[in-house]
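Asker:
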DNA sequence: TCGAAATTTCAGAAACTTCTGAAACGCATC
DNA sequence: GATGCGTTTCAGAAGTTTCTGAAATTTCGA
């Protein structure tokens, strides 16, 4: 592997974590390489840096593009495809959240909805349906929150994060804030 | 598979999703089975329900216990181990978040911290370090938020979720609320 | 201490995923 | 419509994970 020590350490780590993150080693390494690179890279540069086969690079780049985690760039007077990750790490976070939700949560929500439409015949099925209902409701609450928050611009999202649980204190401390929060109408006065 | 149709649909779905969630099919199916069951089950009941080998059940239960996703129960006058999932789906969510963070985020944070301590020699390394710094900072903000929020009781956590982005309006509308919020955390950099 | 019941370990088989090199394909330019 | 450059596809090899049945181990009452 033909990289400065720091970059190599990072790339190797992403390769190892890949399997925990639901991508494979090569995909993880390529992503890490592109994330660190100051310039877009073409496929052959990736081959040289990581010492893996050209076809492996091709397939892995496809997968990263399916995740919207890498972008295609074209340089003037060059037929080759070049690849980058988005500059803004917050944007990367949003993409990651969106894609993981799509793959890891939405299918379950769909299945739960379908099952919950059916008639429960036996007591065992009624109990199962109750449990699935609880799960469905929880996932629903989480995705509603996510859908609400995902559109925020970065500065507001960062502000939201930095507040953390403090917001619940507001709710307890001031009835006015609660009613404001719920109605979105009146300004807050102490 | 020896289950009511509803339960079977749910169990099969969890089996299929397993690989996306970083567990394998059997582990997913066993978890789903236990989640739906009104009673704790012993290993042989799981064997009968899912029609898989006893040793596979044993290993998969170990894994679920390592995740803290299933609990061991003992019935009086019965030597066998019985297994359940926690009742409360919010508790399950908390466990899941904790374990996934431990496996999927913490190692990266550690590696980033180590690499960022090193001296960057070349311009390429300086750029790489800048990128890793951005990633480190973002992950730090997310985990700080998570650490703050994870201890909330369910009703407050649910309240926080139901407010979603409305919180950020409070920040904009009312100087008092802003100063209150900032007095207990670092101001946000734009 | 023995034996019956339950659980765990383990080596190899089966299934699945990843990776490679070779061949096929696409497309500007001549 | 040939050439050259670049990309994608694909069959099979290599590697990894999962699963099983058999054997070993643990546990507890008699």
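Residue numbers (my numbering), protein chains in the order written: chain W, 1 to 190; chain R, 1001 to 1190.
All residues carry an ideal CB built from backbone N, CA and C; glycine is no exception.
Could you tell me whether the Cβ of residue 1001 of chain R comes closer than 8 angstroms to any Cβ of chain W?
Answerer: So, not an interface residue.
Asker: Among W:74, W:25 and W:68, whose alpha-carbon lies nearest the alpha-carbon of residue 57 of chain W?
Answerer: Minimum Cα distance to residue 57 of chain W is reached at W:25.
Asker: Beta-carbon separation of residue 1 of chain W and residue 51 of chain W under 8 angstroms?
Answerer: Against a cut-off of 8 angstroms, the Cβ pair of residue 51 of chain W and residue 1 of chain W comes out as a contact.
Asker: Tell whether a beta-carbon distance below 8 angstroms holds between residue 54 of chain W and residue 66 of chain W.
Answerer: Result no, Cβ atoms of residue 54 of chain W and residue 66 of chain W do not sit closer than 8 angstroms.
Asker: Note down, in chain order, every chain W residue with its Cβ under 9 angstroms from the Cβ of residue 1125 of chain R.
Answerer: Going along chain W in sequence order, the residues near residue 1125 of chain R (Cβ under 9 angstroms) are 4, 5, 6 and 7.
Asker: Can you pull the chain R neighbours of residue 22 of chain W, defined as C-beta to C-beta under 7 angstroms?
Answerer: Near residue 22 of chain W (Cβ distances below 7 angstroms), the residues of chain R are 1020 and 1022.
Asker: Can you give me, in chain order, the residues of the segment 143 to 162 of chain W that have a beta carbon less than 7 angstroms from any beta carbon in chain R?
Answerer: Hits within the stretch, in order: 145, 148, 149, 152, 155, 156, 158, 159, 160, 161 and 162.
Asker: Report all residues from its chain with a CB closer than 7 angstroms to the CB of residue 1008 of chain R; omit the five preceding and five following residues, and keep chain order.
Answerer: So the list reads 1001, once near-sequence residues are dropped.
Asker: If you check the beta carbons only, do residue 1161 of chain R and residue 142 of chain W fall under 8 angstroms apart?
Answerer: In contact: residue 1161 of chain R and residue 142 of chain W (Cβ atoms closer than 8 angstroms).
Asker: Could you give the distance in angstroms between the alpha-carbon of residue 1047 of chain R and the alpha-carbon of residue 1124 of chain R?
Answerer: Computed Cα separation, rounded: 56 angstroms.
Asker: Establish whether the CB of residue 1090 of chain R and some CB of chain W are separated by less than 8 angstroms.
Answerer: So, interface residue.
Asker: Using the C-alpha atoms, what's the distance from residue 1139 of chain R back to residue 1133 of chain R?
Answerer: Whole-angstrom Cα-Cα distance: 10 angstroms.
Asker: Taking the CB atoms as reference points, tell me whether residue 159 of chain W and residue 1168 of chain R lie closer together than 8 angstroms.
Answerer: In this structure, residue 1168 of chain R lies closer than 8 angstroms to residue 159 of chain W by Cβ.
Asker: Quick check: residue 38 of chain W and residue 1136 of chain R, are their CB atoms within less than 8 angstroms of each other?
Answerer: Cβ atoms of residue 38 of chain W and residue 1136 of chain R: not closer than 8 angstroms.
Asker: Give the residues of chain W in contact with residue 1107 of chain R, contact being defined as C-beta atoms less than 8 angstroms apart.
Answerer: 13 and 17, listed in chain order.
Asker: Within the same chain, show all residues whose beta-carbon is closer than 8 angstroms to that of residue 149 of chain W, passing over the 5 residues directly before and after it, in chain order.
Answerer: Contacts found: 157 and 160.
Asker: Starting from residue 84 of chain W, trace the beta strand (DSSP E) in both directions and tell me its first and last residue.
Answerer: Element bounds for residue 84 of chain W: 82 to 84.
Asker: Which residues in chain W sit within 9 angstroms of residue 1120 of chain R, going by Cβ to Cβ distance?
Answerer: Here the neighbours are 4 and 6.
Asker: Roughly how many whole angstroms lie between the Cα atoms of residue 1004 of chain R and residue 1071 of chain R?
Answerer: Distance between the alpha carbons of residue 1004 of chain R and residue 1071 of chain R: 24 angstroms.
Asker: Determine the chain R residues that contact residue 134 of chain W at a beta-carbon separation under 7 angstroms, and present them in chain order.
Answerer: Those are 1089, listed as they occur along chain R.
Asker: DSSP three-state call for residue 109 of chain W: helix, strand or coil?
Answerer: Of the three classes helix, strand and coil, the one that applies to residue 109 of chain W here is helix, per DSSP.
Asker: Using 8 angstroms for Cβ pairs, my map puts residue 1073 of chain R next to residue 1084 of chain R. What's the rounded Cβ distance?
Answerer: About 6 angstroms separates the two Cβ atoms, so the contact holds.
Asker: Mind checking who residue 1072 of chain R pairs with in its DSSP beta bridge?
Answerer: Looking at the DSSP assignment, residue 1072 of chain R forms a beta bridge with R:1083.
Asker: Identify the continuous alpha helix (DSSP H) that holds residue 1005 of chain R and give its terminal residues.
Answerer: 1005 to 1021 is the span of the alpha helix (DSSP H), which, as asked, contains residue 1005 of chain R.
Asker: Among all the DSSP beta bridges, which residues are the ones paired with residue 41 of chain W?
Answerer: In DSSP, residue 41 of chain W forms a bridge with W:83.
Asker: Hey, out of R:1020, R:1021, R:1113 and R:1033, whose CA is closest to residue 1010 of chain R's CA?
Answerer: Taking only the C-alpha atoms, the option nearest residue 1010 of chain R is R:1033.
Asker: Using a Cβ cut-off of 8 angstroms (strictly closer), state whether residue 27 of chain W contacts chain R.
Answerer: For residue 27 of chain W, the answer is no, since every Cβ of chain R falls outside 8 angstroms of its Cβ.
Asker: Identify the continuous alpha helix (DSSP H) that holds residue 1099 of chain R and give its terminal residues.
Answerer: Unbroken alpha helix (DSSP H) run through residue 1099 of chain R: 1089 to 1100.
Asker: Report the residues of the segment 1064 to 1086 of chain R with a CB closer than 8 angstroms to any CB of chain W, ordered along the chain.
Answerer: Against chain W - using a Cβ distance shorter than 8 angstroms - the segment 1064 to 1086 of chain R contributes no residues.
Asker: Can you find the residues in the same chain that come closer than 7 angstroms, C-beta to C-beta, to residue 40 of chain W, ignoring five residues on each side of it along the sequence?
Answerer: For residue 40 of chain W, where only same-chain residues beyond five positions count, the Cβ hits under 7 angstroms are 73, 82, 83 and 84.
Asker: Confirm, please, whether the CB-CB distance from residue 1028 of chain R to residue 1021 of chain R is below 8 angstroms.
Answerer: Closer than 8 angstroms, so yes.
Asker: Does any C-beta atom of chain W lie closer than 8 angstroms to the C-beta of residue 1049 of chain R?
Answerer: Output row for residue 1049 of chain R: interface = no.
Asker: How far does the alpha helix (DSSP H) with residue 164 of chain W in it reach, from first residue to last?
Answerer: Neither: residue 164 of chain W is in no alpha helix (DSSP H) and is coded neither H nor E.
Asker: When you compare each of W:154, W:155 and W:146 to residue 1164 of chain R by their alpha carbons, which one comes out closest?
Answerer: Of the listed residues, the one whose Cα sits closest to residue 1164 of chain R is W:146.
Asker: Ends of the alpha helix (DSSP H) at residue 24 of chain W?
Answerer: It is not in any alpha helix (DSSP H) - residue 24 of chain W carries neither H nor E in the DSSP assignment.
Asker: With a CB to CB cut of under 8 angstroms and the five nearest residues on each side skipped, what residues in its chain are close to residue 1031 of chain R?
Answerer: Same-chain partners within the cutoff: 1014, 1023, 1064, 1069, 1070 and 1085.
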